[in-house]
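Visitor: Residue numbers (the working numbering): 82 to 160.
We treat Cβ as the ideally placed atom computed from N, Cα and C, and that holds for glycine.
Keep in mind the model is a prediction, meaning the values are calculated, not measured.
#1: Starting from residue 142, follow the beta strand (DSSP E) in both directions and report where the run begins and ends.
#2: In chain order, what are the residue ranges of uninterrupted alpha helix (DSSP H) at least 4 long that sit wholly in the segment 100-133?
#3: Spatial neighbours of residue 161 within its chain, please: CB distance less than 6 Å, with the 5 preceding and 5 following residues excluded, ordered by chain position.
#4: Label residue 127 either buried or exposed according to how many other C-beta atoms from any shown protein chain fall within 10 Å of its C-beta, with 16 as the threshold for buried.
#5: Can you tell me whether residue 87 is helix, strand or coil according to DSSP?
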């Protein structure tokens, strides 16, 4: 397989005092299918909002299709 199209390292997202994601590492390889499974409140929707760049993460780093995900959100939302 080639380089990952999405690579997240040590992602943290919280809303107020509620920590939703912490220490998340994720790599998505091209040509693969993925499913998010888990109980209510485990952060599935939050992860999708972060990947779609509708929200920014509070800590950690990410690269999507070669772009640094910590950059301005408008770069991703305009496409």
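Guide: On the basis of the coordinates in this document:
#1: 140-145
#2: 125-132
#3: The structure shown does not extend to residue 161, since the chain is modelled only from 82 to 160, so the question has no answer here.
#4: buried
#5: strand
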